[in-house]
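Here this note's numbering is used: the first residue of the sequence shown is 16, the next is one more, and so on.
Ideal Cβ positions, reconstructed from N, Cα and C, are used throughout, including at glycine.
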Amino acid sequence: MSTTFARRMFLIDGISRFEEARDFVREALQGSPFADRDRRMISLAIDEAMATFVEYARSTGRPSGKVELSVDLNDTRLRVELSDSQNDFYLGEMTPDEMLDVQAAHASHRLGLWLILHLMDEVTYVYRRGLQNALVLTRFTP
């Protein structure tokens, strides 16, 4: 049986559509070949990634703008992309001291980051100066 789900949605102003985004992810995972427990855990990892995107935007004092959530599921893998064209957060330009400051300010997300890294097979962060931040989470199907 072939499984295909490819949709996207926008989280305008971050928090206002968060519950809708959670439902969107759950719906995408509903017909997936993942076990029920894995579906719940993957959903939780994606939720944490969305929350981090929104919270970072709020902590910088910038409006979160438009965050795009894209879910693509097929027989071989689940691919989730979060992209935000509003914020300019580039790790490559930070000094070691600035990196430590960011880590300290966001220490509460360490468990969420562990969860994301533990549950997903691939995690990729891409920054395109002046265009967007993109976080891509991939989990291969069993």
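Pull up the CB-CB distance for residue i and residue j, whole angstroms please, since I reckon it's below 8 Å.
i	j	result
Leu44	Phe33	With 8 Å as the limit, Leu44 and Phe33 do not qualify as a contact, their Cβ atoms being about 17 Å apart.
Leu84	Leu97	6 Å
Ile131	Ala36	In fact, because the Cβ distance is near 16 Å, the residues do not count as touching under 8 Å.
Val86	Val40	6 Å
Relative to the C-alpha of residue i, which residue among the options is closest?
i	options	result
Thr67	Asp99, Leu88 and Ser47	Asp99
Phe160	Ala149, Glu35 and Ser47	It is not possible to answer for residue 160, since the shown part of the chain is limited to 16 through 157.
Asp38	Met135, Pro157, Ile61 and Thr139	Ile61
Met135	Leu152, Val82, Asn148 and Thr110	Leu152
Gly127	Asp51, Met56, Tyr142 and Asn89	Met56
Val82	Arg52, Ser58, Leu150 and Thr156	Leu150
Asp90	Arg154, Arg23, Leu130 and Val40	Arg154
Pro157	Thr139, Arg143, Val86 and Ala50	Ala50
Leu59	Trp129, Met24 and Glu137	Trp129
Arg22	Asp116, Arg143 and Val95	Val95
Asp53	His133, Pro111 and Asn148	His133
Is DSSP giving residue i helix, strand or coil here?
i	result
Thr91	coil
Met56	helix
Phe49	coil
Met16	In this prediction, Met16 scores a pLDDT of 43, lower than 50, which makes its location untrustworthy; the coordinate-derived value is nonetheless stated afterwards. In the structure shown, Met16 sits in coil (DSSP, three-state: anything other than H, G, I, E or B).
The alpha helix (DSSP H) spanning residue i covers which residue range?
i	result
Arg32	Note, Arg32: premise wrong, no alpha helix (DSSP H); not H, not E.
Within 10 Å of its beta-carbon, does residue i have 16 or more other beta-carbons around it, so buried, or fewer, so exposed?
i	result
Leu88	buried
Met16	Note that Met16 scores a pLDDT of 43, beneath 50, so its modelled location is shaky; the value from the coordinates is reported in the next line. That one is exposed.
Val141	exposed
If I follow the unbroken beta strand (DSSP E) through residue i, where does it start and stop?
i	result
Thr139	Glu137 to Arg143
Thr153	Gln147 to Phe155
Using 8 Å as the cut-off, classify the Cβ of residue i as near or not near the heavy atoms of the ligand NAD, replying yes or no.
i	result
Leu150	In the structure shown, the ligand NAD is absent, as is every other ligand, since no ligand is present at all.
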